[in-house]
Amino acid sequence: MTEKFKKKSMIGNRIREQREKLGLSRNEMADRLDVSLSALQNWEINEREPQASMIIKIAEFLGVTPNYLLTGEQNQPQEDNGIVTRPFEVLEKECTKQDEVEMLASFESIEVSAGFGSFNVGITKPDGKVPYDSNLLRNLGVKPKQCGVFWANGYSMQPTILDGDQLLVDFSKREVKNNKVYLVQNGDSVWVKRVKIEWDGVELISDNKEEYRPIRISADEAQNLQIIGQVVHIGHSLV
């Protein structure tokens, strides 16, 4: 990787610099964007990169262009064989090709595993939409209208699911089986867990077993337990 590319990929540095120019704390910006503090922190220290739809939202909030966040270049288009393009314009074009992507409902305001936020399939309104590759959805055997996109918050499912990971949930798969991972709700708490049904109740099991014990729900309490859907795909950044 060239030094030039390394500099251009430091999206988090530019997010932090613009936030500080506006005199905003991380808490304030996270609240305004409706994202978790840990997600914003991970972006700013370049542990993870925001999704394309979130980059647009952050740029609007900070008063800069998405192209600037991606490259550090505010108004300098790049030429490629005589065609003038900007990196984010290419990204937007790729994300909106109707024959290649499906726009899925996203629920960024539902803080999965944070013990906050309620959700009802078909009732809770999405916060927006995010693009998903049509071929990927076909390979997974899921239907776009029966899916939703959520974001993990916390460390209880590591190493399978990392803090800030994108979760594709199939609402049609609500039958618990084969130690799969599900999005579940009990009262106002929404978790991503493995689910084990026992004769006297239900156990919600974390993959990070050293730090998180199973959540026991009695048979009576389990009457209010809702299986929102099965997590069928996990997306996270490798940078």
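For the sequence shown, my numbering gives the first residue as 50, with consecutive numbering after it.
Every residue gets a Cβ at the ideal spot worked out from N, C-alpha and C, and that includes glycine.
Determine the DSSP secondary structure at Ala268, reduced to helix, strand or coil.
-> Of the three classes helix, strand and coil, the one that applies to Ala268 here is coil, per DSSP.
Output the distance between the C-alpha atoms of Gly121 and Val281, rounded to the nearest integer angstrom.
-> In a straight line, the C-alpha of Gly121 is about 35 Å away from that of Val281.
Which same chain residues, not among the five before or five after Tyr289, have their C-beta less than 6 Å away from its C-beta?
-> Coverage of the chain is limited to positions 50 through 288, which leaves residue 289 absent and any answer about it impossible.
Use the C-beta contact count for Asp249: other C-beta atoms within 10 angstroms, 16 or more gives buried, fewer gives exposed.
-> Exposed.
Nearest residue (CA-CA) to Lys242, options Gln234, Ile254, Gly236 = Distances from the CA of Lys242 to each of Gln234, Ile254, Gly236 were compared; the closest alpha carbon is that of Ile254.
Any chance the segment 90-110 sits against the segment 59-69, with 3 or more Cβ pairs inside 8 Å?
-> Below 8 Å, enough C-beta pairs join the segment 90-110 and the segment 59-69 to call them touching: three or more.
With a 10 Å radius around its C-beta and 16 neighbouring C-beta atoms as the bar for buried, classify Lys106 as buried or exposed.
-> That one is buried.
Okay, do the segment 173-184 and the segment 202-210 touch, 3+ Cβ pairs below 8 Å being the bar?
-> As far as the Cβ criterion goes, the segment 173-184 does not touch the segment 202-210, which means the pair count is below three.
Name the residue from Pro99, Arg65, Leu86 whose alpha carbon lies nearest to the alpha carbon of His285.
-> Each of Pro99, Arg65, Leu86 was checked against the Cα of His285, and the nearest Cα belongs to Pro99.
Paired residues, beta bridge with Asn116 - DSSP = Residue pairing from DSSP leaves Asn116 without any beta-bridge partner.
Indicate whether Arg212 and Tyr204 have their beta-carbon atoms separated by less than 7 Å.
-> Looking at the sequence shown, residue 212 is not Arg but Asp. Yes.
Of all the options Ala101, Asn202, Asp256, Gln67, which has the alpha carbon lying nearest to the alpha carbon of Gly112?
-> Comparing Cα positions, the closest option is Gln67.
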